[in-house]
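A.B. asks: Number 497 in the working numbering belongs to position 470 of the sequence shown; there are no gaps in the numbering. Beta carbons are placed, not taken as given, at the ideal position from N, Cα and C, and that holds for glycine.
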Amino acid sequence: MKVKYIIWIALAVVLGVFLSCEEEEPKTGPRVETASVNSIMNTSAAVGGCVLDDSGSDVTERGVYWGTTTNPENSGNKMQIGEGVGTFFDTLRSLTAGVKYFVKAYATNSKGTSYGAETFFTTQINFPTVSTADVTELTPNSAKVGGNVSDNGGFDVTERGVFWGPYPNPKLTGIKLTLGSGVGQFSQTLTGLERTNTYYVVAFATNIKGTSYGNELNFTTVPSLPVVSTYIARDVKTTSAEVGGEVTSNGGSTVTERGVFWGTSANPETTGSKLAVGIGTGEFLSTLENLNPNATYYLKAFATNSIGTAYGAEVSFKTLGKSPEAITLKPTSITSTTAVLNAIVSANDLNSTITFEYGVTTGYGQVVAIAENPIIQNDDTVSVTIDGLQSETTYHFRVKAENSLGVAFGADSTFTTVVTGITGTVSDIEGNTYSTIGIGHQYWMTENLRVTKYNDGTKVALLNADTIWVKGNPGYCWYDNDSLEHSQTYGAIYNWFAVNSGKLCPAGWRVPTNDEFTELVNYLGDASVAGGFLKESGFSHWKSPNNGASDGFNFSALPGGKRSDQAVFDFMTIEGNWWTSSEYSSLTASYFYLLYNYSNSFQAYINKKNGMYVRCIKD
C-alpha cells in the first residue's frame with residue numbers, strides 16, 4: 028500500500044511538470060507610471076507619465092486618458108504623446124475652470140496596453156479682476172463713475188457695479204449700484220449729489236468664487252478751474268498760423284473767457300500777447316497774422332471761470348521761409364527691372380525742384396525728375412518710376428530738393444531688384460525636367476520633385492510596405508503606391524530622413540529652410556493671402572471652394588496630400604504639404620502646407636516619419 032502511494036505521488040509530479048511546460052508564457056505590456064499633474068491653470072494643465080520598461084517590445088504609442096469621470100480610459104479622452112520609453116508630457120487645453128479631471132497614463136506595445144495609476148486635479152477658479160475708473164464729468168451735482176472688469180477669473184461675472192457714498196469704505200457704508208454683468212467697461216452718472224461734498228466710490232465684480240473690488244477713489248463736487256488743452260498750430264505759413272485749443276470741462280462754473288497767449292518767448296502768458304476767442308466749453312480757433320518768417324513762436328491756451336484761469340500745455344511752432352527739407356522713403360513696386368522711388372519734401376512755401384539720384388554706387392550717376400515740378404506744398408509725398416534696371420542688383424538712391432534758399436538731400440537708401448517672373452528649367456540626375464520661377468529674391472521649382480536617386484547617383488529606397496515605412500529609414504513612395512497615377516502630377520513623397528540627406532535636389536538647388544518659406548510668404552504679403560497666390564487655380568486638382576486661389580506667381584501648388592507616420596495615405600485634393608530642411612526637434616521637422624478652404628499659408632512641425640513633397644529652391 029505504501030508503495031502504491033509513492034507511485035501515485037511520482038506520477039502526479041511528472042504530470043504537473045508536463046502540464047506546466049505546455050502553458051503559454053504570459054504576455055506582459057510595458058510598465059508605465061502616471062506623472063503628477065502640474066502647471067494647473069483655469070483652462071489648462073500639464074499631464075504625462077513615464078514608460079519605465081517596454082517589456083521587450085517597442086512602445087508604439089503612449090500618452091494619457093483624461094476626462095471628468097474616474098476610469099477615463101473607458102469614458103474619457105485620449106491624448107497621444109509620442110512613443111518609446113522615457114518621460115512624456117503635454118498640455119491639456121480648453122478645460123473648464125473649477126472642474127475635477129481624472130488622468131491615467133498608458134503605453135502600448137505588441138503585448139498590449141498598460142496603464143499607470145489614476146490621478147486627478149481640479150482647474151483653478153479665480154476672483155474677477157476689476158478696477159475702479161477715474162471719476163469724470165464732474166459737476167456740482169453729478170459725476171460719472173464706473174470701472175472695468177478685465178478678467179472674469181474663469182467663470183462668468185454675474186454682477187458688477189460700484190459701491191458709493193459720502194463715507195470711506197463705501198462697500199460697507201454706502202449704496203450698491205449694479206451695472207450689468209460680464210467683462211468690460213461699465214459706467215453710470217450719479218445725480219442729485221450735494222455741492223461741495225466729498226464722495227467715495229469703489230468698483231466690484233462677482234463670480235462663483237466671490238466678489239473682488241477695485242481701488243477706492245474719492246471726488247468732491249465743488250467748482251474747479253476749467254480744463255483746457257492747447258492745439259498744435261495749424262496751417263503754418265511764412266507770416267500766419269491758425270492757433271487755438273479746446274475747453275473740455277468748465278470745472279462746474281461758466282467759462283467767461285478763453286483764448287491763447289502767444290509770443291516769441293517761452294511762458295507767453297507773462298511775456299506775450301493775449302488773443303481772446305469766445306466763451307464756454309468746446310473747440311476754439313483763430314488765425315495769427317503778420318508774423319515774422321522763419322521765426323519760432325510759443326502758444327498757451329487759457330480758460331477763465333469764477334474760480335480762476337487755467338492754462339493748457341505750452342507748444343511752439345516755426346513760420347516758414349527756409350530751404351526745403353527732404354526725407355528719402357522706402358521704394359515700392361520693386362520688380363526685376365523697375366522700382367518706384369518715394370520721398371517726403373517740405374518746400375516751405377517756396378517753389379522747389381524735386382529730383383531723385385540713383386545708381387549702383389553712392390556716386391549715383393543717373394537723375395530723374397518727378398512729374399510735377401516745381402512744388403510748393405509742405406510735407407508732400409513725391410514718387411517717380413525708374414526702369415531699365417538689372418535684376419538681383421542693389422541700387423542706391425536719394426531725393427534732392429532745391430529752392431531759392433538752398434538745397435536739401437534725403438539720406439541715401441538702397442533696394443535690390445527681384446527675380447520675380449523670370450522663368451527657366453532645371454533637370455535632376457534622372458533627366459526629369461522641372462519648370463522654375465523667380466519670386467522675390469528666390470528661384471523656385473514650379474513642380475514637386477519626383478527623383479528616385481540622390482544627386483550622387485545612389486538610389487533612394489522605395490518604401491511601399493506600411494511595416495517598412497513606419498520604421499523611419501530614409502526613403503520615398505508614391506501616393507497610394509501608384510506611380511503611374513501620381514508621379515508626373517504630384518511627384519514623389521519623401522520622409523524627412525531622405526530630405527536630411529541633403530542630396531535630393533539637383534546640383535545648385537536644395538530643400539528650402541523654414542525661414543526661406545517665411546521669406547516667400549512675406550514677399551507675397553503675409554500668411555493670410557500667400558496661400559491664394561501659391562495655389563493652382565480652379566478645381567482640376569483642388570477641392571472646391573479652393574479659397575483665394577489665383578496662382579498669381581505661377582508657383583502652381585497642388586494638393587498632393589501626405590503619408591502619415593503610420594503609413595496612411597490621406598488628404599489628397601484638400602492639402603498640399605512640403606518639407607523644409609529645418610529640424611524642429613529630435614523627432615520632428617518643420618513643414619509648409621496649404622488648404623483647399625483657406626487663402627492662408629501655414630507653417631508647423633510634424634514627426635519626421637511622415638511623408639510629404641519637396642519643392643527645391645536655388646542656392
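1. From 375, 364, 366, 333, pick the residue whose C-alpha is nearest to that of residue 350; which is it?
2. Hey, would you say the C-beta of residue 281 is under 7 angstroms away from at least one heavy atom of the ligand ZN?
3. Can the beta-carbon of residue 444 be found less than 8 angstroms from the beta-carbon of residue 420?
4. What residue from 457, 515, 146, 518 has the CA that sits closest to residue 534's CA?
5. For the beta strand (DSSP E) that contains residue 101, what are its first and last residues?
6. Can the beta-carbon of residue 193 be found closer than 8 angstroms to that of residue 279?
7. Do residue 125 and residue 150 have their beta-carbon atoms positioned less than 8 angstroms apart in this structure?
8. So which of 210, 208, 228 has the shortest CA-CA distance to residue 216?
9. From what residue to what residue does the alpha helix (DSSP H) around residue 489 run?
10. Return the residue from the list 394, 267, 98 that minimises the CA-CA distance to residue 347.
11. Using a Cβ-Cβ cutoff of less than 8 angstroms, which residues in the same chain neighbour residue 339 once the five nearest sequence positions on both sides are dropped?
12. Rounded to whole angstroms, what's the CA-CA distance from residue 422 to residue 544? Just pull it up for me.
13. If contacts are defined as beta-carbon pairs under 8 angstroms, then residue 475 and residue 641 qualify, I think. What distance do you get, rounded to the angstrom?
14. Mind checking whether residue 241 and residue 206 have CB atoms under 8 angstroms apart?
15. What are the start and end residues of the beta strand (DSSP E) that includes residue 301?
16. Considering just the uninterrupted stretch of the alpha helix (DSSP H) at residue 560, what are its terminal residues?
17. Considering only DSSP beta bridges, list what residue 429 is partnered with.
18. Of all the options 291, 425, 312, 319, which has the alpha carbon lying nearest to the alpha carbon of residue 352?
19. Between which two residues does the beta strand (DSSP E) containing residue 342 stretch?
20. On the DSSP letters alone, give me the boundaries of the alpha helix (DSSP H) that residue 511 sits inside.
21. Do residue 281 and residue 224 have their C-beta atoms within less than 8 angstroms of each other?
22. Would you kindly report the start and end of the unbroken beta strand (DSSP E) that includes residue 12?
23. Considering Cα atoms alone, identify which of 500, 70, 585 is closest to residue 564.
24. Assuming residue 551 is part of the alpha helix (DSSP H), what are its boundary residues?
25. Closest to residue 607 by CA distance: which of 575, 532, 573 is it?
26. Report the option in 161, 292, 283 whose CA atom is closest to the CA atom of residue 230.
27. Since residue 505 sits in a beta bridge, which residues does DSSP pair it with?
C.D. replies: In this structure, then:
1. Closest by alpha carbon: 375.
2. Of ligands this structure carries none, so the ligand ZN is not represented either.
3. Using a Cβ distance threshold of 8 angstroms, residue 444 and residue 420 count as a contacting pair.
4. The residue with the shortest Cα to Cα distance from residue 534 is 457.
5. Note, residue 101: premise wrong, no beta strand (DSSP E); alpha helix (DSSP H) at 99–102.
6. The answer is no: Cβ separation not under 8 angstroms.
7. A Cβ-Cβ contact shorter than 8 angstroms links residue 150 with residue 125.
8. Of 210, 208, 228, the residue nearest in Cα terms is 228.
9. Premise fails: residue 489 is in no alpha helix (DSSP H) and is neither H nor E.
10. Taking only the C-alpha atoms, the option nearest residue 347 is 267.
11. Spatial neighbours of residue 339 in its own chain (CB-CB distance under 8 angstroms, excluding positions within 5 residues in sequence) are listed in chain order as 255, 256, 257, 272, 327, 328, 329.
12. Approximately 25 angstroms, taken between the alpha carbons.
13. Contact holds; Cβ gap of about 7 angstroms.
14. When the beta-carbon positions are compared, residue 241 and residue 206 stay at least 8 angstroms from each other.
15. In the DSSP assignment, residue 301 falls within the beta strand (DSSP E) that extends over 300–303.
16. Taken as a continuous stretch (DSSP letters only), the alpha helix (DSSP H) holding residue 560 covers 554–561.
17. 380, 434.
18. Minimum Cα distance to residue 352 is reached at 425.
19. Under the DSSP assignment, residue 342 falls in the beta strand (DSSP E) whose first and last residues are 342–345.
20. From DSSP, the alpha helix (DSSP H) with residue 511 extends over 510–517.
21. No. Outside cutoff.
22. This structure does not reach residue 12, given that the chain is present from 28 up to 646, and the question cannot be answered.
23. Relative to residue 564, the option among 500, 70, 585 whose CA is nearest is 585.
24. Following the DSSP letters along the chain, one finds residue 551 inside the alpha helix (DSSP H) bounded by residues 541–551.
25. Looking only at 575, 532, 573, the smallest Cα-Cα distance to residue 607 is reached by 532.
26. Between residue 230 and the set 161, 292, 283, the nearest pair of CA atoms involves 161.
27. Its beta-bridge partners do not exist; DSSP assigns none.
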